[in-house]
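What follows is one structure encoded as structure tokens, with my remarks underneath.
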Amino acid sequence: MEKKVGIIGAGISGLLACKYILSKGYTPFVFESRGSIGGVWTQTFKTTKVQSPRSLYQFSDFPWSSFLPEFPDHSQVLDYLLSYPTHFNWLPHIKFNSKVLGIKYEGPSNEVVQAWDLWSGTGEPFNSKGKWNITVEDTKSFSIEDYQVDFVILCVEQSSDIPKIPEFPAGKGPEAFRGKVIHSMEYATMDFDTAAEFVKGKTITVVGFQKSALDIAVECSAANER
């Protein structure tokens, strides 16, 4: 009997999951809430580039074009990621604009599942006694559809759509600041011209010292010619 696998997310990990599910002879259903593949690469900053040489950031069976720079920018990364499933004809397995609203396992009771030492009680991924129901919303038509699969793989990025904001004591958080406070995710949703205009002529504090923080600091400096 055909085995169906639900894959949540069409970023890099989702594409690889799709690849290996197909190689095993199973049928993948990849649900992507956005209208394009690429995960975090679909919303980046103007200055964002790959931080490693491209040879260290590629699929093993799909090398970069030799005509690209050693450190491709965000648009070149997106083109590369889109070319991957296009080349191997996996796009028909990806359902775009499909937001997963819920996942429910139908099978043995919670008490039985909690008593398992291994998944399915045997360590095997598929259990003849249970199925997964995935409720999906079409973000354009807002219609709801249910899918039943034999296994689910979560391929959502750690930072996907959920901003990480520290907890502050009452009265000492963003509300105490008289200026504008935004998260880097909000900045990334702006088009490049809007982002540059937003930071122009302002004194800006960037909280953090990792990838997004450094990219934003560079753009704030460039917009203000500093």
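Residue numbering for the sequence shown follows my numbering, starting at 1 and increasing by one per position.
We put the CB at the ideal spot given by N, CA and C, even for glycine.
Since this is a predicted model, take the numbers as computed values, not measurements.
Please check the pair Gly9 and Phe29, which I expect to be a contact at CB under 8 Å, by giving their CB distance rounded to whole angstroms.
-> Their Cβ separation, rounded to whole angstroms, is 12 Å, which puts Gly9 and Phe29 out of contact at 8 Å.
Would you give the residue range spanned by the alpha helix (DSSP H) that Val77 belongs to?
-> Start and end: 74-88.
Are there three or more Cβ pairs, one per stretch, closer than 8 Å when the stretch 35-48 is compared with the stretch 210-222?
-> Taking 8 Å as the limit for Cβ pairs, the verdict is that the stretch 210-222 does touch the stretch 35-48.
Any beta strand (DSSP E) of 3 or more consecutive residues that is wholly inside the stretch 13-42 = Runs found: 27-31.
Residues that Leu154 bridges to, as DSSP identifies them = For Leu154, which the question treats as bridged, DSSP gives the partners Ile8.
Span separating the alpha-carbon of Tyr187 from that of Lys180 = Taking the straight line from one Cα to the other gives about 12 Å.
C-alpha distance - Ser75 paired with Thr42, whole-angstrom precision = One C-alpha to the other measures close to 9 Å.
Cβ neighbours of Ile204 in the same chain (closer than 7 Å, five flanking residues each side left out) | Excluding residues within five positions, the ones whose Cβ falls inside 7 Å are Cys220.
Alpha-carbon spacing of Thr27 relative to Lys3, whole angstroms | Cα to Cα, Thr27 sits roughly 6 Å from Lys3.
Just checking my contact of Val136 with Leu91 at CB under 8 Å: how many whole Å lie between their CB atoms?
-> Their Cβ separation, rounded to whole angstroms, is 18 Å, which puts Val136 and Leu91 out of contact at 8 Å.
Less than 8 Å between the CB atoms is what I'm expecting for Ile37 and Leu82, so what's the real figure, rounded?
-> Rounded, the Cβ-Cβ distance is 6 Å, consistent with contact.
Beta-carbon spacing of Phe126, Asp150 below 8 Å | For Phe126 and Asp150, yes; Cβs fall inside 8 Å.
Looking at the unbroken beta strand (DSSP E) that takes in Asp193, where does it start and where does it end?
-> Counting along the chain, Asp193 falls outside any beta strand (DSSP E), though it belongs to the alpha helix (DSSP H) covering 192-199.
Name the DSSP bridge partner or partners of Ile102?
-> Inspection of the sequence shows that residue 102 is occupied by Gly rather than by Ile. Its beta-bridge partners are Thr135.
Per DSSP, the bridge partner or partners of Gln58 | Per DSSP, none; premise fails for Gln58.
Might you give, ordered along the chain, the residues of its own chain that have their beta carbon closer than 7 Å to the beta carbon of Tyr105, omitting 5 neighbours on each side?
-> Here the set comprises Gly130, Trp132.
Does the beta-carbon distance from Ala217 to Val206 come in below 8 Å?
-> Less than 8 Å divides the Cβ of Ala217 from the Cβ of Val206.
For Trp64, is the classification buried or exposed, using 16 other Cβ atoms within 10 angstroms of its Cβ as the cut-off for buried?
-> Classification for Trp64: buried.
Are the beta-carbon atoms of Glu167 and Ile94 separated by less than 8 Å?
-> Ile94 is positioned such that its CB atom lies no closer than 8 Å to that of Glu167.
Quick one, which of Asp73, Ser184, Lys19, Ala176 has its alpha-carbon nearest Phe88's?
-> Of the listed residues, the one whose Cα sits closest to Phe88 is Lys19.
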